[in-house]
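Enquirer: In this note's numbering, the protein residues as written are 4 to 544.
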Amino acid sequence: MSTSLRLENLFPTEQNIPAVYQYGAPVHQTEYLINGEIRHWDGPVQEILSPVCINSSSGIQQKSLGTTPLLTQKEAMEALDAAYKAYGNGTGVWPMMSTEGRILAMEKFVTLMKAERDAVVKTLMWEIGKNIKDSEKEFDRTVEYIIDTIEAYKKIDRDSAHYDFEQGIIGKIRRCPLGVVLCMGPFNYPLNETFTTLIPALIMGNTVVFKPAKIGVLLHRPLLKAFQQAFPAGVVNIVFGRGRETVGPLMSTGKINVLAFIGTSKSANILKVQHPKPNRLRSVLALEAKNPAIVLNHADLDLAVKECILGTLSYNGQRCTALKILFIHKNVVDTFNKKYVEALQQLKWGMPWEDGVQITPLPEPEKPGFLNDLIEDALSKGAHVLNDGGGSMHHTFYAPAAVYPVTKEMKLYHEEQFGPVVPIVAFNTTEEVIDYMVESNYGQQVSIFGTDKEDMAKLIDKMVNQVCRVNINSQCQRSPDVFPFNGRKDSGEGTLSVSDALRTFSIRAMVAAKENGVNKVMLTDIIKERRSNFMSTDFIL
Ligand code: G3H
Numbered sequence: 004m005s006t007s008l009r010l011e012n013l014f015p016t017e018q019n020i021p022a023v024y025q026y027g028a029p030v031h032q033t034e035y036l037i038n039g040e041i042r043h044w045d046g047p048v049q050e051i052l053s054p055v056c057i058n059s060s061s062g063i064q065q066k067s068l069g070t071t072p073l074l075t076q077k078e079a080m081e082a083l084d085a086a087y088k089a090y091g092n093g094t095g096v097w098p099m100m101s102t103e104g105r106i107l108a109m110e111k112f113v114t115l116m117k118a119e120r121d122a123v124v125k126t127l128m129w130e131i132g133k134n135i136k137d138s139e140k141e142f143d144r145t146v147e148y149i150i151d152t153i154e155a156y157k158k159i160d161r162d163s164a165h166y167d168f169e170q171g172i173i174g175k176i177r178r179c180p181l182g183v184v185l186c187m188g189p190f191n192y193p194l195n196e197t198f199t200t201l202i203p204a205l206i207m208g209n210t211v212v213f214k215p216a217k218i219g220v221l222l223h224r225p226l227l228k229a230f231q232q233a234f235p236a237g238v239v240n241i242v243f244g245r246g247r248e249t250v251g252p253l254m255s256t257g258k259i260n261v262l263a264f265i266g267t268s269k270s271a272n273i274l275k276v277q278h279p280k281p282n283r284l285r286s287v288l289a290l291e292a293k294n295p296a297i298v299l300n301h302a303d304l305d306l307a308v309k310e311c312i313l314g315t316l317s318y319n320g321q322r323c324t325a326l327k328i329l330f331i332h333k334n335v336v337d338t339f340n341k342k343y344v345e346a347l348q349q350l351k352w353g354m355p356w357e358d359g360v361q362i363t364p365l366p367e368p369e370k371p372g373f374l375n376d377l378i379e380d381a382l383s384k385g386a387h388v389l390n391d392g393g394g395s396m397h398h399t400f401y402a403p404a405a406v407y408p409v410t411k412e413m414k415l416y417h418e419e420q421f422g423p424v425v426p427i428v429a430f431n432t433t434e435e436v437i438d439y440m441v442e443s444n445y446g447q448q449v450s451i452f453g454t455d456k457e458d459m460a461k462l463i464d465k466m467v468n469q470v471c472r473v474n475i476n477s478q479c480q481r482s483p484d485v486f487p488f489n490g491r492k493d494s495g496e497g498t499l500s501v502s503d504a505l506r507t508f509s510i511r512a513m514v515a516a517k518e519n520g521v522n523k524v525m526l527t528d529i530i531k532e533r534r535s536n537f538m539s540t541d542f543i544l
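Below you can see the structure in the form of structure tokens.
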């Protein structure tokens, strides 16, 4: 089928959408959560448009999903005050609560959350255009993450049940919360990535102000009640609106102790410098990346193509871990390109609910124009689009494009595209790729494809000092969530994994006593009479 015909038939009429996936009437959200109250907003709102367009008698138009509140600085400050009060400088109910108490609250939350699966998954699919299978996976993976976090928290607690005896000092060490956490997630994993900071922050006893990203907002609405019912008032506060008006002023109060932000380094830097006491601020950041695949001349090309297709174009390339540039050895580049383009042409374009669909419309309104600029820049400097119809636009849809040969002079070589455009570079020696990584602003992951153990070993040893994860004969990815997820340079700050995140959102505190008779009797009584949560020797099963 020709590209123009494929594009013409892309968007459905309302009647063509299977009943089970229909969105229904627009949702006009008025609710937000502050200090344990679900409050209602009657001020200005933001319209939420789906990347999915509907074909009707009046033309092709983005489906309106409803509206969300555009809160102001006043409501954001109220949210911060509630979180600050609930933390109570570490003396609030939540930071002082026993391990069992916080686990019970989290278990209640996850039970309530699971009941909202259908509503969250459907809204996620419509709001960000992620295919249904991956939208379901995002929800289920998040539930699993919470359950694993509870287990990891129990383990930390068990490991802290004992006392240490060193040089005549009795020591009791536990991890304690840091304070008020400002949480902001990205549009591409609006549930999962946000919760990978929100959940560990909460379970460690911090209180939270959470503001969803500009895109991927409505999906949080069904969870407001779950947060309200599971946690004490003020522990979780959720505000909606423009970042500049809401979060900027929060940072400048100096009352935020942790900035948990997933987005661009530019935005992270703007937020960080607004904090008046930088030493009091801990930052947990997952930012841009430009992960390369390096295909060596002895690579299994069929395997490399399969993994590079997944790595470059899963969810249209809108993953921070996506392969964003392919370095192919000059001896195999022609064969690789041929195989890659064949596989690319097989990818199914369509609507997110369609079976087996891989390429879907893009949620960011400015993205197609941005991708076009990158391609035009590359074409003007000698590159070509390898696949027929690559780079064609149709409303919110952007046909994936493989661009070759990409060189240093082109924007596509350096800039993170975060979309379905795939730059391919031919290289002579691995030194060229190592130089690329050294000069790059980013350092998240790399994929290396090859079969020669000596070459592979040499490259592995060089790459581990440039990035934080080297993937052998497979695409880059974050999972399994128990492995560390982090980045060098402008790709991130701090490490997130189920257990690392618990450390990131807490600090070790210690009680020390000279090992003498009086202290021993007193500490024994405190433990036996269960007078202190911190000093407890309880072992949670
Ligand atoms: O966008 C960044 C995500 O954390 C990537 O996760 O590699 O599992 O898709 P993933």
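C-beta atoms are modelled at their ideal positions from N, C-alpha and C, and glycine is treated no differently.
Across which residues does DSSP place R285 in a beta bridge pair?
Expert: The residue given as residue 285 occupies position 282 in the sequence shown. According to DSSP, which records beta bridges pairwise, R285 is partnered with V261.
Enquirer: Could you spell out the range, first to last residue, of the beta strand (DSSP E) harbouring N58?
Expert: The sequence position of residue 58 within the sequence shown is 55, counting from 1. First-last of the beta strand (DSSP E) with N58: 48 to 59.
Enquirer: Using a Cβ-Cβ cutoff of less than 6 Å, which residues in the same chain neighbour S494 once the five nearest sequence positions on both sides are dropped?
Expert: Mapped onto the sequence shown, residue 494 falls at position 491. These residues qualify, in order along the chain: L290, A292, Y445, G446, Q447.
Enquirer: So, do the region 252 to 260 and the region 395 to 410 have three or more beta carbon pairs nearer to each other than 8 Å?
Expert: no
Enquirer: Might you give, ordered along the chain, the residues of its own chain that have their beta carbon closer than 8 Å to the beta carbon of D458, omitting 5 neighbours on each side?
Expert: In the sequence shown, residue 458 corresponds to position 455, counting from 1. Closer than 8 Å at Cβ, skipping near neighbours: L299, H301, T433.
Enquirer: Compute the Euclidean distance between the alpha carbons of K217 and I529, then round it to the nearest angstrom.
Expert: The residue you call residue 217 lines up with position 214 of the sequence shown. The residue you call residue 529 lines up with position 526 of the sequence shown. Those two C-alpha atoms are separated by around 50 Å.
Enquirer: Three-state secondary structure (DSSP) at H278?
Expert: Taking the first residue of the sequence shown as position 1, residue 278 is located at position 275. Looking at H278 - three-state DSSP - the assignment turns out to be coil, as it is neither helix nor strand.
Enquirer: Could you check what DSSP says for F430 in three-state terms: helix, strand or coil?
Expert: Walking along the sequence shown from the start, residue 430 turns up at place 427. DSSP places F430 in strand when its eight states are reduced to three.
Enquirer: Among the residues of its own chain, which have a CB less than 6 Å from the CB of G320, if the five just before and after it don't count?
Expert: One-based indexing of the sequence shown puts residue 320 at position 317. For G320, where only same-chain residues beyond five positions count, the Cβ hits under 6 Å are G422, P423.
Enquirer: Could you tell me which residues DSSP pairs with H548 in its beta bridges?
Expert: Outside the shown range of the chain, which is 4 to 544, sits residue 548, and nothing can be said about it.
Enquirer: Label P355 either buried or exposed according to how many other C-beta atoms from any shown protein chain fall within 10 Å of its C-beta, with 16 as the threshold for buried.
Expert: Taking the sequence shown and counting its residues from 1, one reaches residue 355 at position 352. Buried, by the Cβ-count rule.
Enquirer: So for L329, helix, strand or coil by DSSP?
Expert: Taking the first residue of the sequence shown as position 1, residue 329 is located at position 326. It is a strand residue.
Enquirer: If you follow the alpha helix (DSSP H) that V308 is part of, which residue opens it and which one closes it?
Expert: For the purposes of this step, residue 308 is taken as residue 305 along the sequence shown, with counting starting at 1. Start and end: 304 to 316.
Enquirer: In the structure shown, what three-state DSSP assignment does Q65 receive?
Expert: Taking the sequence shown and counting its residues from 1, the one referred to as residue 65 is at position 62. Strand at Q65.
Enquirer: So L36 and T249 are in contact, right, with Cβ under 8 Å, and what is the actual spacing, rounded?
Expert: The count along the sequence shown starts at 1 and reaches residue 36 at position 33. The count along the sequence shown starts at 1 and reaches residue 249 at position 246. Not quite, the Cβ-Cβ distance comes to about 14 Å (not below 8 Å), so this is no contact.
Enquirer: By the 10 Å Cβ neighbour count, where 16 or more other Cβ atoms means buried, how is T94 classified, buried or exposed?
Expert: Stepping through the sequence shown from its first residue, residue 94 is reached at position 91. Its Cβ having fewer than 16 others within 10 Å, T94 is exposed.
Enquirer: In whole angstroms, what separates the C-alpha of S383 from that of D464?
Expert: Numbered from 1 along the sequence shown, position 380 holds the residue referred to as residue 383. Numbered from 1 along the sequence shown, position 461 holds the residue referred to as residue 464. Cα to Cα, the separation comes out at about 37 Å.
Enquirer: Report yes or no: do three or more beta-carbon pairs, one from the region 405 to 425 and one from the region 375 to 393, lie closer than 8 Å?
Expert: Judged by Cβ distances under 8 Å, the region 405 to 425 makes contact with the region 375 to 393, as three or more pairs qualify.
Enquirer: In its own chain, which residues sit with a C-beta less than 7 Å from the C-beta of L304, not counting the 5 before and 5 after it?
Expert: Counted from its first residue, the sequence shown places residue 304 at position 301. Result list for L304: V335, T338, F339, K342, in chain order.
Enquirer: What does DSSP give as the partner residue(s) for M187 in the beta ladder?
Expert: As a first step, residue 187 is located in the sequence shown; it is residue number 184 there, counting from the start. Partner(s): F264.
Enquirer: Nearest to L374 by alpha carbon, out of F142, R224, K136, E418?
Expert: Translated into the one-based positions of the sequence shown, residue 374 becomes position 371. Answer by Cα proximity: E418.
Enquirer: For F234 and K133, what's the separation of their Cα atoms in angstroms?
Expert: For the purposes of this step, residue 234 is taken as residue 231 along the sequence shown, with counting starting at 1. For the purposes of this step, residue 133 is taken as residue 130 along the sequence shown, with counting starting at 1. So the two alpha carbons sit approximately 30 Å from each other.
Enquirer: Starting from T71, follow its DSSP beta bridges and name the residues at the other end.
Expert: If you number the sequence shown from 1, residue 71 lands on position 68. DSSP output for T71 lists Q49 as bridge partner(s).
Enquirer: When you measure from the CB of Q49 to every non-hydrogen atom of the ligand G3H, does any distance come out below 7 Å?
Expert: As a position in the sequence shown, residue 49 is number 46, starting the count at 1. Q49: no, Cβ never under 7 Å from the ligand G3H.
Enquirer: In terms of alpha-carbon separation, which member of A263, T315, A346, I63 lies closest to L499?
Expert: Taking the first residue of the sequence shown as position 1, residue 499 is located at position 496. That would be A263, whose Cα lies nearest to the Cα of L499.
Enquirer: Where does D167 sit, in a helix, a strand or coil, going by DSSP?
Expert: Within the sequence shown, residue 167 is the residue found at index 164, counting from 1. Of the three classes helix, strand and coil, the one that applies to D167 here is strand, per DSSP.
Enquirer: Which residue wins for smallest C-alpha separation from H363, given the options W129, S450, N260?
Expert: Residue mapping note: residue 363 aligns to position 360 of the sequence shown, counting from 1. It should be pointed out that residue 363 corresponds to Thr in this sequence rather than to His. Closest option to T363, Cα to Cα, is W129.
Enquirer: So is the beta-carbon of Y407 under 7 Å away from any non-hydrogen atom of the ligand G3H?
Expert: On the sequence shown, residue 407 is found 404 positions in, with the first residue counted as 1. No; taking the cut-off as 7 Å, the Cβ of Y407 has no heavy atom of the ligand G3H nearer than that.
Enquirer: Using the Cβ count rule (16 or more neighbours within 10 Å means buried), how would you classify N489?
Expert: As a working note, residue 489 is residue 486 in the sequence shown. The residue is buried, with at least 16 neighbouring Cβ atoms inside 10 Å.
Enquirer: Less than 7 Å between the CB of R581 and some heavy atom of the ligand G3H, yes or no?
Expert: Nothing about residue 581 can be read from this structure; the chain reaches only from 4 to 544.
Enquirer: Quick one: grab the DSSP three-state call for R481.
Expert: Start at 1 with the first residue of the sequence shown, and residue 481 comes out as number 478. Three-state result, R481: coil.
Enquirer: Quick check on the DSSP output: the alpha helix (DSSP H) that includes P408 runs from which residue to which?
Expert: The residue labelled residue 408 in the question sits at position 405 within the sequence shown. Bounds of any alpha helix (DSSP H) do not take in P408, whose DSSP letter is neither H nor E.
Enquirer: Can you grab the Cα-Cα spacing for the pair A236 / G104, in whole Å?
Expert: By one-based count along the sequence shown, residue 236 stands at place 233. By one-based count along the sequence shown, residue 104 stands at place 101. Whole-angstrom Cα-Cα distance: 15 Å.
Enquirer: For the beta strand (DSSP E) holding H223, just list the boundary residues, first then last.
Expert: Counting from one through the sequence shown, the residue named residue 223 turns up at place 220. First-last for H223: undefined, no H or E at that position.
Enquirer: Between the Cα of N240 and those of E345, M99, E78, spot the shortest distance and give me the residue it belongs to.
Expert: Within the sequence shown, the letter at position 237 stands for residue 240. Check the Cα spacing between N240 and each of E345, M99, E78: the tightest is with E78.
Enquirer: Can you list, in chain order, the residues of its chain whose CB lies under 8 Å from that of P193, leaving out five sequence neighbours each side?
Expert: What you label residue 193 is simply residue 190 of the sequence shown in a count that begins at 1. Answer for P193: L127, E130, I131, P215, A216, I218, G219, V220, L222, H223, listed in chain order.
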